[in-house]
Amino acid sequence: MPRNRSGRVVVAGIAVALAGVCYSSWVLEFLWPSPLDPLRTFLSELDAAHRPHREVYVAGDITTSCCALFASVALLVPRPAFRGFPAITAVVALGAFGMSTLADALMPIECIPGVDAGCPEEPSGFLPQLHHIHALTSTLAVFSIFTAMIAATVAAHRSGSWPELRVVGTIVLGVIVVSTVWMLAADNLSGDFRLGLAQRIQVGGITAWLMIWGWAIVAARRRPDVGSV
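Residue numbers for the sequence shown follow our numbering, beginning at 938 and rising by one.
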């Protein structure tokens, strides 16, 4: 519940929604020709080093990270704008998502096997594990945003925080969970299970959820203060 009804809550909510919009900069892939099949490729391949238009996707991710970090700090400093452990956890996780997304954008995969000439199927050379840093940052980003979504949903159901997340947000979260399971299965099973489509549904769902949460944060400013449960 809002402790401080200053403009920082409104600005933070707008920043959360903007982070969601920019997180789907991948939709621009349909504006120009590409050898990458959207149904079967990871989104990380769009901003691989030396890929055309990668700066557009990187700009989207950096904007997402800046908005998420700003919103997290604005909702926590000088004191948390919302009460309750789940709500505060969600806001902290949003900041972690911002930091992980920034690292993700600044440390792209070097090349795409089967698309870029001379790109090995497995990394090699000195300290090959360093080639997997992008996989680590991507995993941290997904873990952080899932933590934020689950914690915010718990806060919405247990207390008066962000009631917009109780129904619509929960439905969107369900879609994200299903698409994530689909993507993980497609990545580990032999056969064509439309891995790229699964990830695009997942990220599109995260965009929608962040926009809903942003609106819920802004709307919370107009509601009377309610204690956490």
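From the three backbone atoms N, C-alpha and C, an ideal C-beta is built for every residue, glycine too.
What you are looking at is a predicted structure, and each value in this text was computed from that prediction instead of being measured.
Just to confirm before moving on: does the CB-CB distance between residue i and residue j stay below 7 Å?
i: W909; j: L980; result: For the chain, the structure presents residues 938 to 1166; residue 909 sits outside this window and is missing.
i: R977; j: D984; result: no
i: T1038; j: S1096; result: no
i: S1098; j: A1024; result: yes
i: A1145; j: L1132; result: no
i: L1042; j: D998; result: Reading off the sequence, residue 1042 comes out as Ala, not Leu. Yes.
i: A1005; j: A954; result: no
i: A1040; j: A1085; result: no
i: A1033; j: S1081; result: yes
i: G1106; j: I1149; result: yes
i: R945; j: A986; result: no
i: L965; j: V993; result: yes
i: G950; j: G1151; result: yes
To the nearest angstrom, how far is it from the Cα of residue i to the Cα of residue j?
i: L1031; j: R1103; result: 19 Å
i: S943; j: M1044; result: 37 Å
i: A1153; j: P1050; result: 42 Å
i: G1141; j: G1021; result: 29 Å
i: P1015; j: G1035; result: 20 Å
i: I1070; j: I1046; result: 8 Å
i: M1120; j: V1079; result: 13 Å
i: Q1066; j: F1007; result: For Q1066, the pLDDT reaches just 45, beneath the cut-off of 50, and the residue's location in the model is therefore unreliable, leaving the point undetermined.
i: L1064; j: P1017; result: Low confidence applies to L1064: its pLDDT is 42, below 50, so where it sits in the model is not reliable enough to give any reading.
i: S1009; j: V1029; result: 6 Å
i: I1108; j: E1101; result: 11 Å
i: I1143; j: V1118; result: 14 Å
i: F1175; j: S961; result: No answer is possible for residue 1175: it lies beyond the span of the chain, which begins at 938 and ends at 1166.
i: P975; j: F967; result: 9 Å
i: L1126; j: L1134; result: 15 Å
i: S971; j: L1147; result: 28 Å
i: F1083; j: E982; result: 22 Å
i: I1087; j: F1130; result: 27 Å
i: P989; j: L1013; result: 39 Å
Which whole-angstrom value is the C-beta distance of residue i and residue j, which I expect to be below 8 Å?
i: V947; j: V1155; result: 5 Å
i: I1113; j: Q1136; result: Not quite, the Cβ-Cβ distance comes to about 11 Å (not below 8 Å), so this is no contact.
i: C1048; j: T1000; result: So it is not a contact: roughly 25 Å between Cβ atoms.
Next on the checklist: Taking contact to mean 3 or more Cβ pairs, one atom from each stretch, closer than 8 Å, check whether the segment 1075-1082 and the segment 1090-1104 are in contact.
Outcome noted: The answer is no - the segment 1090-1104 does not touch the segment 1075-1082, with fewer than three Cβ pairs under 8 Å.
Checklist entry - Which ranges does the beta strand (DSSP E) cover as unbroken runs of at least 3 residues, wholly within the segment 975-1002, from first to last along the chain? => result Complete beta strand (DSSP E) runs here, min 3: none at all.
Item to check | Contained beta strand (DSSP E) runs [length at least 3] in the segment 1008-1032, N- to C-terminal order | outcome: Runs of the beta strand (DSSP E) inside the segment 1008-1032: none found.
Next on the checklist: Please give the ranges of any alpha helix (DSSP H) in the segment 1098-1133, keeping only runs that are unbroken, at least 4 residues long and fully inside the region.
Outcome noted: Annotation: the segment 1098-1133 contains the following complete segments of the alpha helix (DSSP H) (minimum length 4 residues), in chain order: 1105-1125.
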